[in-house]
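Participant:
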Amino acid sequence: MKKLFVSFLAVMAAFTLSAQSVSELCSKGIEAHNAKDYAAAAAAFEQAIELSEGGDEANIAKQNLPNCYFRLSQAEAKVKNYEKALEYGNQAYELALLYDVPKVEANAKRMLGMIYQAQGGEAFNAKDYATAAEIFAKGYEADPRNAQMANWLGTCYCELGQYAEGLAILNKVAGNPNPKYAEQAAEAQNLVKLYTNNMVAGFQQNGDFDGMIAAAEQMLASEPENAVALKIRVQAYEGKKDLNKVIELAEAAALAQTNAEDASFLYYLLGSAYNAKEMKPQAIAALQKVTAGPSMEAAQAALAELTK
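The sequence shown begins at -2 in this note's numbering and counts up by one.
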């Protein structure tokens, strides 16, 4: 019995020593954190978590440890040590998830996005779009709300001829209603117009209307109401002289457009398809909806002939 009692006291003494050590380590970590020595703070908090079996001290360490790695990531990013910054940033994010620290979790995601943006920006400026796209894609996954990086990623894909992927991303930015992203949304709208024209011109030059349809369908698979893809698909069927498909798809595509010129262009294609099939009333109705842009002159000429 005496031996058992001594053993129990030994266990209690060890527990007390451990608790004191955890408490001391937490204090050391907080002191280092306040002094902005985040490496020392992280080391102390990690030791405290390892020694602890729970309790308030362990919770203090767990709540502070992710922020230490976040601050270390910031410091490395400032000196363009991107690989180390990403390492620390990922640790911050994973620990914030593990220990339920939502503020640090959100900050770490934004930080990772910014690091990838800066890292990929060097390749982007050198027009190494393949390398830049690979890096930006990781950043976009980490922080899809980084609208500027999203525009750069979309640009990379389009420059690489991956129009479906690029335009899908650019359209998301262009359609963002948040005033905070108004500048990036306007930039995305211009990029969508540029690369849509480039894509269509390339397919048309090669007479590859099936490729054009495939690209449009790929975009629509992930975004069924994508106005750009709907327009491209109608253009492709018009290029193939498939009047039935133009008639089938043009009205819905026109209604999906947010730009009067684009809607008018589609109504012109629709009116022309009806006219070619000698469906005069439908042709007149469609052509009368051409109210803006370069299609107006041709539509008015066709209407004049139809209404003689």
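Note that beta-carbon positions come from the ideal geometry of N, C-alpha and C, so glycine has one too. No experiment lies behind these values; they were computed from the predicted model shown.
(1) Find out if the Cβ-Cβ distance for the pair M111, G86 is shorter than 7 Å.
(2) Could you name the residues of the same chain whose beta carbon sits closer than 6 Å to that of P63, not counting the 5 residues immediately before and after it, in chain order?
(3) Candidates E302, C153 and Y234: which alpha carbon is nearest G117's?
(4) Look at A299 and L284 and say whether their C-beta atoms are less than 7 Å apart.
(5) Taking only the alpha-carbon atoms, compute the straight-line gap between L303 and D205 and give it to the nearest angstrom.
(6) So the alpha helix (DSSP H) Q297 belongs to, where does it begin and stop?
(7) Measure the Cβ-Cβ separation of K135 and Y160 and say whether it is below 7 Å.
(8) Check this for me: beta carbons of V287 and Y265, under 7 Å apart or not?
(9) For V197, I'd like the list of residues in its chain whose CB is within less than 8 Å of its CB, leaving aside the five on either flank, ordered along the chain.
(10) Whose C-alpha, out of K237, A226, K238 and G236, is nearest the C-alpha of A385?
(11) I need the DSSP call for E275, collapsed to helix, strand or coil.
(12) Cα separation between N104 and N148?
(13) Quick check on DSSP: helix, strand or coil for A289?
(14) Going by C-alpha distance, which of I57, P291 and A39 is nearest L69?
(15) Kindly list the residues whose CB is nearer than 7 Å to the CB of Q201, restricted to its own chain and excluding five residues on each side of it in sequence; keep chain order.
Facilitator: With the structure as the only source:
(1) no
(2) A89, L92, A93, V98 and V101
(3) C153
(4) yes
(5) 32 Å
(6) S292 to L303
(7) no
(8) yes
(9) M209, I229 and Q232
(10) In this structure the chain extends from -2 to 305, so residue 385 is not present and cannot be described.
(11) coil
(12) 21 Å
(13) coil
(14) A39
(15) G236
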